[in-house]
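Just remember that our numbering sits 1210 ahead of the position in the sequence shown, which is counted from 1. Backbone N, C-alpha and C define an ideal beta-carbon position, used for all residues, glycine too. Have a look at the structure below before the remarks.
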Amino acid sequence: MSGEAPERQAPSESGDSVEVQRRIVTFVTRANWVILAGATLGAALFAPLRFTLGVFGGGVLVTVNFHLLARTLRKALTPPHLASHSIVLAKYYVRFLISGFIIFVLIAGGFVDPLGLVAGLSVVVVSIILATMREVKKILF
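Written out as structure tokens, the structure reads:
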């Protein structure tokens, strides 16, 4: 022994990135509902009913889509039930078309205010930004 400290092995980068991804998905999944509730409550207190319905409808639509996408990817990428990428894409496009139809009906039918709908559709974007800021803070501090 030469008196040198034993070399420490760096943690596995792939294991770390998988854990970070898991934390982000978990955070976004939970934060979606909290942000949706807060945005809907705020709209209900300070905006007309149609705007509030738009926030709620858009938020529910995008949050459910996020959950379904996460479930599809989890099932598709978990052995032994690996799915082909064409099945995953087909499910994605079916959800996309259904979402587009729902948005069309909500706006064309005059059920919601389009700006409220856009605000509601932004719920997942806000959740992802918050999750990213949280992970950057963990890395830096």
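Just confirm the distance between the C-beta atoms of residue i and residue j, as a whole number of angstroms; I'd bet it's less than 8 Å.
i, j, result
"V1265", "V1334", "So it is not a contact: roughly 13 Å between Cβ atoms."
"A1257", "L1340", "22 Å between Cβ atoms; not a contact."
Might you give, ordered along the chain, the residues of its own chain that have their beta carbon closer than 7 Å to the beta carbon of residue i, omitting 5 neighbours on each side?
i, result
"A1254", "T1262"
"V1322", "R1260, L1263, G1264, G1267 and L1316"
"M1343", "none"
Are residue i and residue j close, meaning C-beta to C-beta below 8 Å?
i, j, result
"G1267", "G1330", "yes"
"R1232", "E1345", "no"
"I1338", "V1274", "no"
Can you grab the Cα-Cα spacing for the pair residue i / residue j, in whole Å?
i, j, result
"A1249", "R1260", "14 Å"
"A1220", "H1295", "Because A1220 sits at a pLDDT of 46, beneath the cut-off of 50, its placement in the model cannot be relied upon, and the following sentence gives the value as read from the coordinates. C-alpha separation (whole angstroms): 33 Å."
"L1283", "G1319", "33 Å"
"F1311", "V1270", "15 Å"
"T1236", "I1349", "18 Å"
Less than 8 Å between C-beta atoms, sequence neighbours within five positions excluded: which residues of the same chain meet that for residue i?
i, result
"L1327", "G1264, V1265, G1267, G1268, I1313, L1316 and I1317"
"L1325", "F1261 and G1264"
CB-CB under 6 Å to residue i, same chain, minus the five flanking residues each way: which ones, in chain order?
i, result
"F1306", "none"
"A1286", "A1293 and V1298"
Taking contact to mean at least 3 C-beta pairs separated by less than 8 Å, is the region 1322-1340 in contact with the region 1241-1261?
yes
May I ask you to verify whether the region 1277-1284 touches the region 1292-1312, counting CB pairs closer than 8 Å and requiring at least 3?
yes
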